[in-house]
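Last residue of the sequence shown: 278 in my numbering, with the numbers rising by one and none dropped. Remarks on the structure that follows.
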Amino acid sequence: MHPLLVPALCVALAIEVLFPLAVAIWLQRRLRVAWRYFGYGALVFLVFQILTRLPAMQLLQARVKEQLAASPWALLVWIAFAALTAGLCEEGGRYLGFRILWKKEEAKSWAQALMYGAGHGGLESMLLVGGAVLLSLIQVLALSQLDLQSLSLTPEQLERLRQAREAIASATWWLPLLGALERVLALTIQISLSVLVVQVFLRGRFSWWWLALGYHFLVDLSTALALQWGQKRLPETTAYLLVEGIAALFALVSAWVILRLRPAPSAEAAPAA
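The following block contains the structure:
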């Protein structure tokens, strides 16, 4: 095992958990936007992804895994389907959150959308990605200290543990840091999607929701297809770098969207908090 693997996992975990909170603290202090909007965004992601879409997709994938393994075309359809359902669930949930969680007399604002998106992407980073990294860290620490010869296990179980150890020993130490960078980029994208959806209410045109859906679909589809292509034709680390390069381009576009849709100081429809 590379000596920097455990420190890299620790740094990645810290970024994935603390960066969204740091963004929210900055927004609260700089724009004076209330923390409840962060909670609204986290609630939407919890309900529309963690509690509904993700379990449904896992059940469906288990039913069609043989077809996906046998047909490249079926796999492409599945990737597109996964990207579309992610967009529908997250952007649909984001829109419903704006309609239901805000009080009827409460005006919506660009600043609120920033905090809303930070909560949405923040829970994704902290719970899904950070949770996975935490489990990986525990596994690495446990297996590195484990004496396989002292365990009363079947040969099959011992072989699985040996394979897990070999995977850890050959792991590229800096990949967890690349995953943490992805969360920074993804949070920028999630915030921009909230800014797009809030335009439905600020400008009175539902076409902004369709734009958010299309952008979300494009981001997910592009990165998933790039990963699928890269894993077949490139070294593993190069494939991941390709995906993060694409994500970085989308994050730049998202940053432009956020700034482009920022209202003039006198044009804010309502206080942020």
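Every residue gets a Cβ at the ideal spot worked out from N, C-alpha and C, and that includes glycine. Keep in mind that this is a model prediction, so the values were computed, not measured.
Rounded to whole angstroms, the Cβ separation of G235 and T243 is 7 Å, and the two are in contact under 8 Å. Judged by DSSP in its simplified three-state form, T228 adopts helix.
In the three-state reduction of the DSSP assignment, P240 falls in the coil class. With contacts defined as CB atoms closer than 7 Å, G124 and A176 fail to qualify as a contacting pair. For M62, the enclosing alpha helix (DSSP H) has its first and last residue at 59-75. In the structure shown, A19 adopts helical secondary structure according to DSSP, grouped into three states. For L201, the number of other beta carbons within 10 angstroms of its own is at least 16, and it is reported as buried. For A256, same chain residues with a beta-carbon under 7 Å away, outside a window of 5 residues either side, are L190, T193, I194 in chain order. Using a C-beta cut-off of 8 Å, the segment 52-61 makes contact with the segment 94-110, since at least three inter-stretch Cβ pairs fall below that distance. Residue range 115-128 is occupied by the alpha helix (DSSP H) that includes H125.
Sequence-distant partners of L142 (beyond 5 residues in either direction) whose C-beta falls short of 8 Å from its own C-beta, in its chain, are V11, L14, C15, L18. Apart from the 5 residues on each side of it in sequence, A85 sits with its Cβ closer than 8 Å to the Cβ of L226 in its chain, given in chain order. The segment 105-125 makes contact with the segment 202-221: 3 or more CB pairs, one atom from each, lie closer than 8 Å. Distance from the CA of H221 to the CA of E171, rounded to the nearest whole angstrom, comes to 37 Å. When DSSP states are grouped into helix, strand and coil, W213 belongs to the helix group. Under the three-state reduction of DSSP output, S175 falls in the coil class, being neither helix nor strand. Our two residues, L183 and L139, have alpha carbons roughly 15 Å apart in a direct line. Between the alpha carbons of G135 and R188 lies a gap of roughly 10 Å. The residues M131, G135, in chain order, have a CB closer than 7 Å to that of V22 in the same chain once the five nearest residues on each side in sequence are set aside.
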